[in-house]
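> In this note's numbering, the protein residues as written are 137 to 341. Ideal Cβ positions, reconstructed from N, Cα and C, are used throughout, including at glycine. Below is a structure I'd like to ask you about.
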Amino acid sequence: MVSLVSVLTSRSIARFYTSAARHQAGFSLLNLRIGFASQVDAHPNSDKMFISQVQVSSAQTDAFKQVCSGLRGFVGREELEGSLVVVVDNMKKCKLRGEVSEAMILCGDDSASSVVQPCRPAEFDLTLVGQPVVLEGTPKDVLPTSRRIKNSEWFEVSSRLYVDNMARVVYKDPETKTETPLCVYNGEKPIPILAQLVSPGSPVR
137 MVSLVSVLTS RSIARFYTSA ARHQAGFSLL NLRIGFASQV DAHPNSDKMF
187 ISQVQVSSAQ TDAFKQVCSG LRGFVGREEL EGSLVVVVDN MKKCKLRGEV
237 SEAMILCGDD SASSVVQPCR PAEFDLTLVG QPVVLEGTPK DVLPTSRRIK
287 NSEWFEVSSR LYVDNMARVV YKDPETKTET PLCVYNGEKP IPILAQLVSP
337 GSPVR
């Protein structure tokens with residue numbers, strides 16, 4: 137016979153490990169980098185999506201990734217094409233409406249105002265393409281993860297990303313409650329990641 141104490145203990149252990157897993161799903165699970173949207177086309181099978189060829193590296197191989205995004209009703213093709221964006225580079229490759237998507241464009245989402253804006257570095261500089269987007273203050277020798285992020289982990293981590301009152305994309309640590317801006321380094325200079333058209337407090341995903 138299973139005692140009530142055993143059942144309660146098992147439930148407590150399960151809750152403990154669930155909570156621990158949530159805390160472990162931190163920013164380090166993300167591989168974010170600056171991309172350049174070199175070509176943007178309408179998705180042939182969806183009137184809500186673009187298909188973008190995004191340069192994510194200066195290397196001669198694997199320099200470009202195809203990204204399907206649901207931005208067509210929010211951002212003009214001419215605005216997106218030729219812009220710098222922030223790419224979630226360790227998403228699992230998938231097919232969206234029959235077209236391959238190898239990454240995701242990070243966006244601020246102001247649902248109250250029906251505004252969605254791709255996150256971008258505060259300065260337009262093509263030398264930033266391929267550079268990692270990190271938490272400000274992160275040592276430069278810390279390399280981004282190469283591990284694919286699970287959907288459950290992505291939803292957990294992205295729930296801690298939002299836009300502050302300076303239009304910066306920030307990450308809120310679940311334990312310390314500390315808010316840290318995201319940035320890309322240009323030499324020793326941190327360049328903040330912005331989403332200037334959405335309201336403060338808007339989620340980033």
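#1: Terminal residues of the continuous beta strand (DSSP E) containing Ser188?
#2: I need the DSSP call for Phe200, collapsed to helix, strand or coil.
#3: Start and end of the beta strand (DSSP E) containing Val306?
#4: Looking only at C-alpha atoms, which of Met185, Cys243 and Thr312 sits nearest to Val340?
#5: Please return the same chain residues whose Cβ sits closer than 6 Å to the Cβ of Val320, not counting the five positions on each side in sequence.
#6: Could you tell me which of Met185, Phe291, Ala331 and Arg283 sits nearest to Glu259, measuring between CA atoms?
#7: Could you check how far apart the C-beta atoms of Val192 and Lys201 are, in whole angstroms? I think they sit under 8 Å.
#8: In the DSSP assignment, find the unbroken beta strand (DSSP E) run with Leu216 in it and report its ends.
#9: Per DSSP, which one or two residues make a beta bridge with Leu318?
#10: For Ser335 and Asn301, I'd like the C-alpha separation in whole angstroms.
#11: Rounded to the nearest angstrom, what separates Glu214 and Arg233 at their Cα positions?
#12: Is Val299 helix, strand or coil when you go by DSSP?
#13: Is it buried or exposed, Phe291, if we count other Cβ atoms within 10 angstroms and call 16 or more buried?
#14: Which residues does DSSP list as the beta-bridge partners of Val236?
So, from the data block:
#1: In the sequence shown, residue 188 corresponds to position 52, counting from 1. Its beta strand (DSSP E) spans residues Phe186 to Gln191.
#2: Start at 1 with the first residue of the sequence shown, and residue 200 comes out as number 64. Three-state DSSP puts Phe200 in a strand.
#3: Numbered from 1 along the sequence shown, position 170 holds the residue referred to as residue 306. Its beta strand (DSSP E) spans residues Val305 to Lys308.
#4: Walking along the sequence shown from the start, residue 340 turns up at place 204. Among Met185, Cys243 and Thr312, the Cα nearest to that of Val340 belongs to Cys243.
#5: For the purposes of this step, residue 320 is taken as residue 184 along the sequence shown, with counting starting at 1. These residues qualify, in order along the chain: Ile170, Pro257, Leu264, Gln267, Val269 and Ile327.
#6: Locating residue 259 in the sequence shown gives position 123, where the first residue counts as 1. Selected option, being the one with the closest Cα: Ala331.
#7: Sequence index remark: in the sequence shown, residue 192 carries index 56 (1-based). Sequence index remark: in the sequence shown, residue 201 carries index 65 (1-based). Sure, about 5 Å apart at Cβ, within 8 Å.
#8: The residue you call residue 216 lines up with position 80 of the sequence shown. No beta strand (DSSP E) holds Leu216; the alpha helix (DSSP H) holding it covers Arg213 to Leu216.
#9: Within the sequence shown, numbered from 1, the residue matching residue 318 stands at position 182. For Leu318, which the question treats as bridged, DSSP gives the partners Leu271.
#10: One-based indexing of the sequence shown puts residue 335 at position 199. One-based indexing of the sequence shown puts residue 301 at position 165. Ser335 and Asn301: Cα-Cα distance of roughly 8 Å.
#11: Position 78 of the sequence shown, counting from 1, holds the residue named residue 214. Position 97 of the sequence shown, counting from 1, holds the residue named residue 233. Taking the straight line from one Cα to the other gives about 23 Å.
#12: Position 163 of the sequence shown, counting from 1, holds the residue named residue 299. Strand.
#13: The residue labelled residue 291 in the question sits at position 155 within the sequence shown. Classification of Phe291: exposed, given that the 10 Å Cβ count is below 16.
#14: The count along the sequence shown starts at 1 and reaches residue 236 at position 100. Partner(s): Lys231.
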